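First to last, the sequence lines map onto chains A and B.
At position 19 of the first sequence (counting the first as 1) the number is 8 in my numbering, and the numbers step up by one without a gap.
Convert by adding 1 to the 1-based position in the second sequence; the result is the number in my numbering.
Structure first, commentary second.
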Amino acid sequence: ILNVEQSPQSLHVQEGDSTNFTCSFPSSNFYALHWYRWETAKSPEALFVMTLNGDEKKKGRISATLNTKEGYSYLYIKGSQPEDSATYLCAPRLRGNQFYFGTGTSLTVIP
Amino acid sequence: DVKVTQSSRYLVKRTGEKVFLECVQDMDHENMFWYRQDPGLGLRLIYFSYDVKMKEKGDIPEGYSVSREKKERFSLILESASTNQTSMYLCASSSGQQKLFFGSGTQLSVL
């Protein structure tokens, strides 16, 4: 079992604040890192798939960076909105087909 | 719209019953996965399959079996349900190294 750590576990921010969370994972045998957003009563949805060291991805107000050498990824949300409230999951993928999910960061954006 | 469909949203079973959870995807994906989600533990992989009739154990296969007779369908079987198998079960599929597509989940309660 791979040790994937996400921090913080939960976060409450005011609407308009910017925020970021961390995903840490063992850097050996790295293949890819996925970020998913899981809203209550819905299915998890992919945000980003990142493979290269130094990768930066952006989707609207959300962006992510990847450092495969030290084994971490950051997810940033600029100007948080209530609709950003969700649990954000990271999932490193090692050689092979298996993903290892972190426990997630639960974000609540207060209007 | 691409779809991963799980047969039941909520299911209540008795201890000792045999339980079938069905998952169907319409994207011709070769990879399919079964996860369970428990508070504070993140998504944990039970079994996955990378081809018809192929299966591999994930991190927590004990008490479960799977069946993949057709490419689009991946079934999770609880041979004799126990109370510690009360959980949210999520099915997912993917093609190659691409992102996962998730079903909406089955909340199973074993009484």
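Heads up, the beta-carbon is just placed ideally off N, CA and C, and yes, glycines get one too.
Please read these numbers as outputs of a predicted model, since none were measured by experiment.
- The contact set of residue 87 (chain A) on chain B, defined by CB atoms closer than 9 Å, consists of 34, 46, 49, 57, 59 and 60 in chain order.
- Residue 48 (chain B) and residue 25 (chain B) have their C-alpha atoms some 15 Å from each other.
- Distance check between residue 89 (chain A) and each of A:2, A:-3 and A:16 places A:16 closest, using alpha-carbon atoms only.
- Residue state for residue 108 (chain B) is assigned as strand, using DSSP reduced to three classes.
- Non-local beta-carbon contacts of residue 7 (chain A) in its own chain, meaning distances under 8 Å to residues more than five positions away in sequence, involve 65, 66, 67, 68 and 69 in chain order.
- Its Cα nearest to that of residue 17 (chain B), the residue B:65 stands out among B:65, B:39 and B:46.
- Residue 4 (chain A) places its beta carbon 9 Å or farther from that of residue 76 (chain A).
- Judged by DSSP secondary structure, residue 1 (chain A) falls within the beta strand (DSSP E) whose first and last residues are -1 to 3.
- Where residue 39 (chain B) is concerned, the enclosing beta strand (DSSP E) starts and stops at 32 to 39.
- The continuous stretches of beta strand (DSSP E) do not include residue 30 (chain A), and DSSP gives it neither H nor E.
- When DSSP assignments are scanned along the segment 68 to 92 of chain A, the uninterrupted stretches of beta strand (DSSP E) that are 3 or more residues long and fall wholly within it turn out to be 75 to 83.
- Rounded to whole angstroms, residue 40 (chain A) and residue 15 (chain B) show a C-alpha spacing of 44 Å.
- Taking residue 42 (chain A) as the centre and dropping the five residues before and after it, the same chain places the C-beta of 55, 56, 57 and 58 closer than 8 Å to its C-beta, in chain order.
- Taking C-alpha positions only, residue 44 (chain B) is separated from residue 10 (chain B) by approximately 17 Å.
- For residue 100 (chain A), same chain residues with a beta-carbon under 6 Å away, outside a window of 5 residues either side, are 4 and 71 in chain order.
- Contact holds between the segment 85 to 92 of chain B and the segment 27 to 39 of chain B, because three or more Cβ pairs, one in each stretch, are under 8 Å apart.
- Considering only beta carbons, the part of the segment 69 to 81 of chain A lying closer than 9 Å to chain B consists of 78 and 80, in chain order.
- Against residue -1 (chain A), chain B offers no close residue; the least beta-carbon distance is about 11 Å (beta-carbon pairs closer than 9 Å).
- DSSP places residue 16 (chain A) outside any beta strand (DSSP E), giving it a letter other than H or E.
- A:62 is the residue among A:11, A:62 and A:51 whose C-alpha sits nearest the C-alpha of residue 22 (chain A).
- Within the same chain, Cβ atoms closer than 7 Å to the Cβ of residue 74 (chain A) are found at 96, 97 and 98, the five residues on either side in sequence being excluded.
- Assigned with DSSP and collapsed to three states, residue 98 (chain B) falls in coil, not helix or strand.
- In the three-state DSSP reduction, residue -8 (chain A) falls in the coil class, being neither helix nor strand.
- Beta-bridge partners assigned by DSSP to residue 39 (chain A): A:22.
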